[in-house]
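Visitor: Per the UniProt record's numbering, numbering through the sequence shown is continuous, rising by one, with the last residue being 500. Think of the CB as a built atom: it goes at the ideal place given N, C-alpha and C, for glycine as much as any other residue. For clarity, every value in this text was computed on a predicted model and none was experimentally measured.
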Amino acid sequence: MSPTVHNGLEFCWLTQEDIMRFLLSSIGLFSAIPTLSIDTLGIISPEFLAVGYHSFASSAIGAISQSLVDQISVAVVDDDGTLIGEISPFALSCCDETVAAAITTLSAGDLIAYIDCGGPTEEIARVVEARLKERNLEGMLEEFAIESSNSTILSSSSSDEELPSPTRTLSRAGRYSRSTSYSARMVRRAEAIVCHPGSSLVAVMIQAIAHRKMAKQKEKSVNVSGKPKHSLDVNRDANKSKNGRSGATVRRLKMYDTRPKRNTKGKILKNDLQSKELPSTRIQPDRRWFGNTRVVNQKELEFFREELQNRLSSNYNVLLKERKIPMSLLNDHQKQARVHLIDTEPFADAFGPKTKRKRPKLMAFDYESLLKRADGSQDAFEEKYGANTSFEGSEDGFRDLVRHTMFEKGQSKRIWGELYKVIDSSDVVVQVLDARDPQGTRCYHLERHLKEHCKHKHMILLLNKCDLVPAWATKGWLRILSKEYPALAFHASINKSFGK
Numbered sequence: 001m002s003p004t005v006h007n008g009l010e011f012c013w014l015t016q017e018d019i020m021r022f023l024l025s026s027i028g029l030f031s032a033i034p035t036l037s038i039d040t041l042g043i044i045s046p047e048f049l050a051v052g053y054h055s056f057a058s059s060a061i062g063a064i065s066q067s068l069v070d071q072i073s074v075a076v077v078d079d080d081g082t083l084i085g086e087i088s089p090f091a092l093s094c095c096d097e098t099v100a101a102a103i104t105t106l107s108a109g110d111l112i113a114y115i116d117c118g119g120p121t122e123e124i125a126r127v128v129e130a131r132l133k134e135r136n137l138e139g140m141l142e143e144f145a146i147e148s149s150n151s152t153i154l155s156s157s158s159s160d161e162e163l164p165s166p167t168r169t170l171s172r173a174g175r176y177s178r179s180t181s182y183s184a185r186m187v188r189r190a191e192a193i194v195c196h197p198g199s200s201l202v203a204v205m206i207q208a209i210a211h212r213k214m215a216k217q218k219e220k221s222v223n224v225s226g227k228p229k230h231s232l233d234v235n236r237d238a239n240k241s242k243n244g245r246s247g248a249t250v251r252r253l254k255m256y257d258t259r260p261k262r263n264t265k266g267k268i269l270k271n272d273l274q275s276k277e278l279p280s281t282r283i284q285p286d287r288r289w290f291g292n293t294r295v296v297n298q299k300e301l302e303f304f305r306e307e308l309q310n311r312l313s314s315n316y317n318v319l320l321k322e323r324k325i326p327m328s329l330l331n332d333h334q335k336q337a338r339v340h341l342i343d344t345e346p347f348a349d350a351f352g353p354k355t356k357r358k359r360p361k362l363m364a365f366d367y368e369s370l371l372k373r374a375d376g377s378q379d380a381f382e383e384k385y386g387a388n389t390s391f392e393g394s395e396d397g398f399r400d401l402v403r404h405t406m407f408e409k410g411q412s413k414r415i416w417g418e419l420y421k422v423i424d425s426s427d428v429v430v431q432v433l434d435a436r437d438p439q440g441t442r443c444y445h446l447e448r449h450l451k452e453h454c455k456h457k458h459m460i461l462l463l464n465k466c467d468l469v470p471a472w473a474t475k476g477w478l479r480i481l482s483k484e485y486p487a488l489a490f491h492a493s494i495n496k497s498f499g500k
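So this is what it looks like as structure tokens:
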């Protein structure tokens, strides 16, 4: 076949048959299992469960129980051994409790229609109720009536045909007739697929797909009676009416009526007769896409760093969106203390044959050097403090050998640990100061800790007991403390709650 030229490019045509032929010829490259026969794979089993079409379903309870255990279907055959249908364990598991009454009263053929419909039709329900009354199964009849009344399938199912009796003999044409509400998949299931045991798994799968496609086409043509329902009905017989429209004419008129799909602006989005060419998807060589879009020079960075430092130096300013600011670029690294690693430990001592990193760092390597170091330290101590190492105490010459426990209050590690716990769990820290001695009651260590390690936390100074000092003293301390942190005045009076 000659290629097709379109827009200066050559194209070739591939049909579905070509693609399927290529896939089937190369399927053996991926796995050898599809090319093996179904007999070799053990798919065919000579032992299967079967029950007669006209026999009571209650006689096949053992086979049905075995099918639920092994998850295999029970074949329903006629007197000649022809496969009519199956009782699937999956279909049984989808049914409600009324299926027990159906198994007790119905035949195997009627049970297929019962479970495949998803619920009992009106005719089947009446037959089951009548037979339950005949056998005096009142408990099962009551349960069946409750379940049937709650089922929505009963209200939507309707049929005028009468179900055959399990003991009545029918003709060959109408022996296996179903109600009109019977599932259409049973029509396809009644026609068994005949395959050879030596056929490969791929061949059987293709045969099943083709059988399913033909069954669907057959279902579509079942309801065609040759008489169109309306003027644009394609299902019509062209030989019966000479003056009427043919199927080809109806399809041509429908093609004329097809309209393109448009958006709100009226632009055509899709049309059956529209070219499917895609527009050019190349990106224009624009500096917006291929240039540095978010850059900053050193002058702008230095100016921004100074402005940020001036704003953050005041404790009254709060930085709301800190994550959107490149703080790593704004921090002045030159002002930070450098760690002189090379000065303390040269490169030759860390790497190479003279490395000493794994050796213990001792003050002396032998006893002679240790003795010289001890004598030198003693001489240096005497030169610094003199020969008299005794410390003068009080005026009478005595001093306390043991430090008083009063000076150890509030210095335990437990109290400091509790303080750091409170700081970690707080966003705003309120430092309470005594108005009589504000500078003496301030904790400068805590303030330095917040500035260095907890920059996102804020501190407020609370000047307490301001009723014990004059008003001018309180006003002066507020003016001094407000330069560093927000300061508030508070007093210890119970009667006055909001200060002097």
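Beta strand (DSSP E) containing Asn464: first to last residue?
Guide: His458 to Asn464
Visitor: Any chance the segment 200-212 sits against the segment 32-39, with 3 or more Cβ pairs inside 8 Å?
Guide: yes
Visitor: The beta strand (DSSP E) with Gln431 in it runs from where to where?
Guide: Val428 to Asp434
Visitor: To the nearest angstrom, how far is it from the Cα of Phe365 to the Cα of Lys372?
Guide: 12 Å
Visitor: Along the alpha helix (DSSP H) that carries Leu92, what are the first and last residues, could you check?
Guide: Pro89 to Cys94
Visitor: List the residues that DSSP assigns as beta-bridge partners of Phe56.
Guide: Ser107.
Visitor: Looking at Cys95 and Ile115, is the spacing between their C-beta atoms short of 8 Å?
Guide: yes
Visitor: Residue ranges of each alpha helix (DSSP H) run of no fewer than 4 residues wholly in the segment 287-318, ordered along the chain?
Guide: 287-290 and 298-313
Visitor: Let's see if you can read the secondary structure: which residues bound the alpha helix (DSSP H) around Lys451?
Guide: Tyr444 to His453
Visitor: When the Cα atoms are used, what is the spatial distance from Thr105 to Ala125?
Guide: 11 Å
Visitor: Tell me the DSSP secondary structure of Lys262 in three-state form.
Guide: The sequence as given places Arg at residue 262; Lys does not occur at that position. DSSP places Arg262 in strand when its eight states are reduced to three.
Visitor: Count Cβ pairs between the segment 313-331 and the segment 453-463 that sit closer than 8 Å; are there 3 or more?
Guide: yes
Visitor: Given a cut-off of 8 Å, decide if Ile61 and Val76 are closer than it, judged by their beta-carbon atoms.
Guide: no
Visitor: Which of the three DSSP states is assigned to Leu488 in this structure?
Guide: strand
Visitor: With distances taken from CA atoms, which of Ser314, Pro89, Leu329 and Pro279 is nearest Leu301?
Guide: Leu329
Visitor: Run through DSSP, which three-state label would Gly85 get?
Guide: strand
Visitor: So, helix, strand or coil for Glu10, using DSSP?
Guide: strand
Visitor: Of the choices Phe490, Met459 and Ile460, whose alpha-carbon is the least far from that of Val469?
Guide: Phe490
Visitor: In whole angstroms, what is the alpha-carbon distance linking Lys242 and Asp18?
Guide: 40 Å
Visitor: For the putative contact between Ala487 and Leu450, defined by C-beta atoms under 8 Å, what is the C-beta separation to the nearest angstrom?
Guide: Ala487 to Leu450, Cβ: 16 Å. No contact.
Visitor: Verify whether the separation of the beta carbon atoms of Asp434 and Asn464 is less than 8 Å.
Guide: Taking 8 Å as the Cβ cut-off, Asp434 and Asn464 qualify as a contacting pair.
Visitor: Drop a sphere of 10 angstroms on the beta-carbon of Ala57, count the other beta-carbons inside from all chains shown, and report buried for 16 or more, exposed for fewer.
Guide: Ala57 should be labelled buried.
Visitor: Could you give the distance in angstroms between the alpha-carbon of Glu47 and the alpha-carbon of Asp79?
Guide: 19 Å
Visitor: Going by Cα to Cα distance, which pick from Asn317, Ala91 and Cys443 is closest to Lys483?
Guide: Comparing alpha carbon positions, the residue from Asn317, Ala91 and Cys443 closest to Lys483 is Asn317.
Visitor: Rounded to the nearest angstrom, what separates Asn495 and Thr474 at their Cα positions?
Guide: 19 Å
Visitor: On the criterion of 16 or more Cβ atoms from any shown chain inside 10 Å, does Asp427 qualify as buried, or is it exposed?
Guide: exposed
Visitor: Given this structure, state the Cα-to-Cα distance separating Tyr420 from Gly376, to the nearest angstrom.
Guide: 43 Å
Visitor: Need the endpoints of the alpha helix (DSSP H) that Lys483 sits in, please.
Guide: Neither: Lys483 is in no alpha helix (DSSP H) and is coded neither H nor E.
Visitor: Suppose you measure from the CA of Asp379 to the CA of Lys409; what does that come to, to the nearest Å?
Guide: For Asp379 and Lys409, the distance between alpha carbons rounds to 39 Å.
Visitor: What number of angstroms, rounded off, separates the C-alpha of Met459 from the C-alpha of Cys443?
Guide: 12 Å
Visitor: Out of Thr40, Ile84, Val250 and Thr355, which has the shortest C-alpha to C-alpha gap to Ala50?
Guide: Among Thr40, Ile84, Val250 and Thr355, the Cα nearest to that of Ala50 belongs to Ile84.
Visitor: Should Asp110 be labelled buried (16 or more other beta-carbon atoms within 10 Å of its own) or exposed?
Guide: buried
Visitor: Give me, in chain order, the residues of the same chain whose beta-carbon lies closer than 7 Å to that of Arg262; leave out the 5 immediate sequence neighbours on both sides.
Guide: Ile268 and Leu269
Visitor: Going by alpha carbons, who is nearest to Asn271 out of Tyr256, Pro285 and Leu132?
Guide: Tyr256
Visitor: Alpha carbon to alpha carbon, how far is Val339 from Lys354? Give it in angstroms, no decimals.
Guide: If I take the Cα positions, the gap works out to 23 Å.
Visitor: Measuring alpha carbon to alpha carbon, tell me which residue in Gly244, His211, Ser55 and Asn136 is nearest Ile103.
Guide: Ser55
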